[in-house]
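Residue numbers (our numbering), protein chains in the order written: chain S, -4 to 90; chain E, 10 to 504.
For each residue, glycine too, the CB sits at the ideal point set by N, CA and C.
This report concerns only the one structure given below.
Here is the structure:
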């Protein structure tokens, strides 16, 4: 399977990373090298094997469904590039 | 004063308890050593005021008696750990200016025991790299050099700053994290001990996530005994990490007898790679002999899926990374790109991430995006998870045969030159982790122990792999290997 520049463009957009047009061919080449390396997994007989979910079989712990944290608006917003009136501010989302 | 920074944790603990030194003495000596070692670029954020305050508090605790072993020990902390009020950037420009409002569980555990933080340590960006060349802070330099050649060598990665700082005696020990070999490979490159515990032994809460099913924190120390002492402090169940194990943390140090008579150590034949340097082969054979002479029984075993570990890793780790790193969007923390008139929110995401992430991180996020995308999820991601189950089964089968530990080389070579891999394709760099990555995929504990020097005078290490949750046994076997190898070399100070 070979990744062309159009696929590279699509993947970059899905990943929300801006890649300029002139950088797409090199990116596609990198993808092909890495996916070419990964291709050897097709040799492995995985018939009947369950995909691993967790390395250690463990039961997830449960706890009471109660509020344990909160009331930290200032701390939550402290690192925001743009916070106003207690909210994260972003460019217009809806036209 | 500078002799103080050379102490192991165990030596310093004894001197602190005997009132021969104070934590403030130790801390001051380390801060001076750090000041003189800027060229190594290991420490990237300094916290001297906090360090002195913590040292004084530790001294008070020591004076009152009954202080834990880590009390008053000056440490370096990898930049991947969130430390309250102190820059924590995972060596990425996208987290420029980020100062967490909280403390990671592992660092909190260390501080609760009285440990002192000297500052934050350089690393590969988001722990993605094997040479510490992907950091926004620039390369870390290995304190070791080849003979009289002054070419700058890599300390390995991703915990390169931790490795360099411990090897150069800038701190007594450091925290590291290991997703595919990021504690063990750099430890081997600088001649120190590096332990990756069983997945779940240390809480991941507050550690910047790379690949959540593989990431695990561990100690990077000057001796196996120190790794035992420091792990005991770092480890433990944490309700804030649902994958952290609710198991008692043993006194690991108490297990260090060096007696491994009757233990079974396995040599896996698949770890003999084509083109492996003779020196690595010899080191491995010597290690085998050392353990045999110490009374262990050596058996040859097969781990048939070993060759598929790296390709499996390079599906699973990027997939998890693409998901984990989605949070860096310029909204809640860190960098946001300057926007042009009319730019919408998608432009903000795309520009922010293009500016904030380095090339290797972008590459892995996009590979991860691709293998998880509609139409490829089964072919890549699910297949890799199935092969991962087979890799783990290989280990389960060997342990079921009565094997106590597995001995392998830690790395396929000694430390290489910074820039040597600049033109290599990305896969070449990935091969650095060929001996270590299997351990992450199977969730096992693994430790790198320095056992020799190559012909150019660079350190080489061996890796021991243990049964899950049996770090105590693993540390004891590593202790026996350390005793036999008697590795005491230090880099000649040139910085």
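Within the same chain, Cβ atoms closer than 7 Å to the Cβ of residue 49/E are found at 149, 150, 152, 173, 177, 504, the five residues on either side in sequence being excluded. Taken through DSSP and simplified to helix, strand or coil, residue 195/E comes out as helix. The alpha-carbon separation between residue 228/E and residue 175/E amounts to approximately 11 Å. Within chain E, the residues whose beta carbon sits less than 7 Å from that of residue 25/S are 372, 435, listed in sequence order.
For residue 32/S, the enclosing alpha helix (DSSP H) stretches over residues 19 to 33. Residues 163, 166 of the same chain have their beta carbon placed closer than 6 Å to that of residue 140/E, with the five preceding and five following residues left out of the count. Using a Cβ distance threshold of 8 Å, residue 10/S and residue 310/E do not count as a contacting pair. DSSP, read as helix, strand or coil, puts residue 402/E in helix.
Taking residue 161/E as the centre and dropping the five residues before and after it, the same chain places the C-beta of 150, 427 closer than 6 Å to its C-beta, in chain order. Straight through space, the alpha carbons of residue 72/S and residue 183/E are spaced by roughly 31 Å. With a 10 Å radius around the Cβ and a threshold of 16 neighbouring Cβ atoms, residue 239/E comes out buried. Under the criterion of beta carbons closer than 8 Å, residue 342/E and residue 107/E qualify as touching, at roughly 5 Å. The beta-bridge partner set that DSSP reports for residue 83/E consists of 125/E.
Listed along the chain, the chain E residues whose CB falls inside 9 Å of the CB of residue 45/S are 394, 395, 398.
For residue 306/E, the uninterrupted beta strand (DSSP E) segment begins and ends at 306 to 310. For residue 206/E, same chain residues with a beta-carbon under 7 Å away, outside a window of 5 residues either side, are 225, 227, 240, 244, 454, 480 in chain order. Our two residues, residue 305/E and residue 270/E, have alpha carbons roughly 5 Å apart in a direct line. For residue 79/S, the three-state secondary structure derived from DSSP is strand. Under the Cβ criterion (8 Å, minimum of three pairs), the segment 106 to 122 of chain E counts as touching the segment 206 to 216 of chain E.
At a cut-off of 8 Å, the C-beta of residue 360/E has a neighbouring C-beta in chain S. Around the beta carbon of residue 65/S, fewer than 16 other beta carbons sit within 10 angstroms, so the residue counts as exposed. Following the DSSP letters along the chain, one finds residue 424/E in no beta strand (DSSP E), marked with neither H nor E. Residue 62/E and residue 361/E have their C-alpha atoms some 37 Å from each other.
Inter-residue distance for residue 41/E and residue 327/E is about 39 Å (C-alpha atoms, whole angstroms). Residue 344/E is positioned such that its CB atom lies closer than 8 Å to that of residue 364/E. With contacts defined as CB atoms closer than 8 Å, residue 484/E and residue 254/E fail to qualify as a contacting pair.
Within chain E, no C-beta atom comes less than 8 Å from the C-beta of residue 19/S; the nearest is roughly 11 Å away.
Taking 8 Å as the cut-off, the beta carbon of residue 475/E is found no closer than this to the beta carbon of residue 458/E. Annotation: the continuous alpha helix (DSSP H) that includes residue 72/S extends over 68 to 72. Annotation: the continuous beta strand (DSSP E) that includes residue 225/E extends over 225 to 230. In the DSSP assignment, residue 216/E is bridged to 90/E. Excluding five sequence positions before and after residue 209/E, the CB atoms of its chain that fall closer than 6 Å to its own CB belong to 252, 253, 254, given in chain order.
In this chain, the alpha helix (DSSP H) harbouring residue 321/E covers 318 to 333. Along the segment 213 to 234 of chain E, going in chain order, the ones with a CB nearer than 8 Å to a CB of chain S are 222. Between residue 220/E and residue 186/E, the C-beta spacing is not below 8 Å.
Using a CB distance cut-off of 8 Å, residue 120/E does not count as an interface residue toward chain S.
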